[in-house]
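Take a look at the structure set out below.
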Amino acid sequence: MAKAKWGESQIPNQKGKLVIVTGSTSGIGKEAVRILTDKQATLVMSVRNTQKGDLVAAEIQSANPEAKIKVMQLDLSSLESIKDFAANFNQYFDRLDVLINNAGIMMCPHAKTTDGFEIQMGTNHLGHFALTGYLLPLLKKTKNSRIVVTSSVAHKFGKINLDDINWEKRKYNTNNAYGDSKIANLYFAYELVRKLKSDPHAPMVTAAHPGWTRTELQRHKSGIRFLNNFFSQAPEMGILPSLRAGFDPEAKAGDYYGPAKYFEMQGHPVIVKSNQLSHDRDIAKQLWDISEEMTGVKY
Ligand SMILES: NC(=O)c1ccc[n+]([C@@H]2O[C@H](COP(=O)([O-])OP(=O)(O)OC[C@H]3O[C@@H](n4cnc5c(N)ncnc54)[C@H](OP(=O)(O)O)[C@@H]3O)[C@@H](O)[C@H]2O)c1
């Protein structure tokens with residue numbers, strides 16, 4: 000008999016569980032907060048704009064007055080902000096069940112993070128690399144914890160130039176820089192799985208992508224925004240791969256979830272395959288070493 004399509008009804012009750020969703024002021028991150036608070040988890044919305052975060056939390060709580068949400072400041076384009084967030088979090092909480100590394104920016108004009116990193120690699124990969132490193136001890140202390148890494152079909156356009164990760168020696172191409180940051184997410188996930196393999200206390204690391212979901216992400220690309228009308232799915236569908244990666248009891252380390260239909264653009268979440276390049280262990284190891292050096296966070 001065919002298995003039923005995986006949906007939010009399959010997420011077990013999460014009472015007592017603590018979940019961080021980075022970038023939860025809009026798009027699929029906001030949906031994660033809505034769905035997981037309905038499942039009685041306590042949610043930390045880590046957001047760069049706390050006013051916006053408070054408004055989203057209030058909106059979710061007006062629909063579900065029982066929703067437990069704490070809004071905390073985190074700007075992934077600043078190493079100082081990441082360090083401060085982790086220190087505050089570790090002071091406030093004594094467990095972390097699921098870390099959903101979700102925040103992202105796409106195909107924006109050339110810019111640099113506070114620390115001088117190319118903005119897309121800096122925010123999407125390096126920021127989450129540092130954050131995960133700071134939170135790993137607490138994840139290890141929490142039984143059956145998980146880390147979910149968010150990639151994209153666009154990882155297939157990624158081909159990182161490790162000698163010029165900040166695009167200082169080449170003409171900037173924002174589409175390729177986005178692809179680079181999204182294949183970096185997968186190198187990171189797969190390398191972390193290998194690093195944690197022999198640690199019985201380690202969190203399970205999984206990955207996901209939301210296909211083509213209409214969100215704020217497309218703000219810099221009017222053409223993609225127009226095509227949203229024909230090809231995209233709603234955020235409540237787009238978040239399902241990340242939720243399956245984070246909460247399906249049958250998920251295994253290194254599983255990568257994405258939508259089942261139309262070249263992984265839409266549909267219910269299933270295990271999908273990332274491209275061959277994303278499984279290159281040498282590149283993953285080199286990127287790890289560079290990420291440690293750039294962020295100063297070693298693990
Ligand atoms: N939508 C798609 O079709 C699609 C496809 C493939 C992959 N993805 C991935 O899915 C993830 C979520 O994207 P989305 O589609 O939900 O986009 P979105 O609606 O634009 O949401 C992105 C979130 O990330 C936050 N963010 C951006 N820069 C940040 C920073 N420096 N520090 C902290 N938070 C920051 C944004 O905060 P603000 O509200 O302050 O801007 C927002 O909450 C991203 O990793 C994206 O690459 C999306």
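Just so you know, we're using numbering that gives the first Met the number 0 here: the sequence shown kicks off at 0 and counts up by one.
Yeah, the Cβ is synthetic: ideal placement off N, Cα and C, and Gly gets one too.
Bear in mind that the values here come from a model prediction, so they are computed numbers and not experimental data.
Nearest-angstrom Cα separation, counted from residue j out to residue i
i      : j      : result
Ser150 : His208 : 5 Å
Glu117 : Gly22  : 19 Å
Met120 : Asn101 : 14 Å
Gly245 : Lys16  : 12 Å
Gly295 : Leu78  : 9 Å
Ala86  : Arg213 : 34 Å
Met0   : Val20  : In this prediction, Met0 has a pLDDT of 47, which is less than 50 and means its spatial position is unreliable; what the coordinates show is noted afterwards. Distance between the alpha carbons of Met0 and Val20: 35 Å.
Ala206 : Pro64  : 31 Å
Glu331 : Lys29  : One cannot answer for residue 331 here, as it falls past the ends of the chain, which runs 0 to 298.
Tyr255 : Gln285 : 22 Å
Gly103 : Asn123 : 5 Å
Thr113 : Pro199 : 36 Å
His267 : Thr49  : 32 Å
Heavy atom of ligand 1 within 7 Å of residue i beta-carbon
i      : result
Asp313 : With the chain covering 0 to 298 only, the question about residue 313 has no answer from this structure.
Thr214 : yes
Trp166 : no
Arg222 : It is Gly, not Arg, that sits at residue 222 in the sequence shown. No, since every heavy atom of ligand 1 falls outside the 7 Å radius drawn around the Cβ of Gly222.
Trp287 : no
Pro209 : yes
Arg94  : no
Ser23  : yes
Asp74  : yes
Ser151 : yes
Val269 : no
For residue i, the nearest candidate out of the options (CA to CA)
i      : options                        : result
Lys139 : Lys284, Glu249, Val204         : Val204
Leu134 : Pro240, Val97, Ser8, Lys51     : Val97
Lys155 : Lys168, Trp166, Tyr171, Ala176 : Ala176
Lys170 : His109, Pro136, His219, Phe230 : His109
Pro258 : Gln285, Phe230, Glu249         : Phe230
Gln13  : Thr49, Asp83, Leu95            : Leu95
Ala183 : Lys196, Ile223, Ser45, Ile289  : Ile289
Gln90  : Met71, Ser76, Gly26            : Met71
Lys220 : Gly26, Leu191, Asn174, Glu249  : Asn174
Leu35  : Leu216, Glu7, Trp211, Pro248   : Glu7
Asp279 : Ile159, Lys82, Met44, Lys51    : Ile159
Collapsed DSSP secondary structure at residue i in the structure displayed
i      : result
Thr36  : helix
Ser231 : coil
Leu98  : strand
Tyr133 : helix
Thr294 : helix
Lys302 : What is shown of the chain runs 0 to 298, which leaves residue 302 out entirely.
Glu117 : strand
Tyr91  : helix
Gly28  : helix
Starting from the N-terminal side, write out each stretch of the beta strand (DSSP E) that is 3 residues or longer and does not extend beyond the stretch 145-219.
-> 145-149, 203-207
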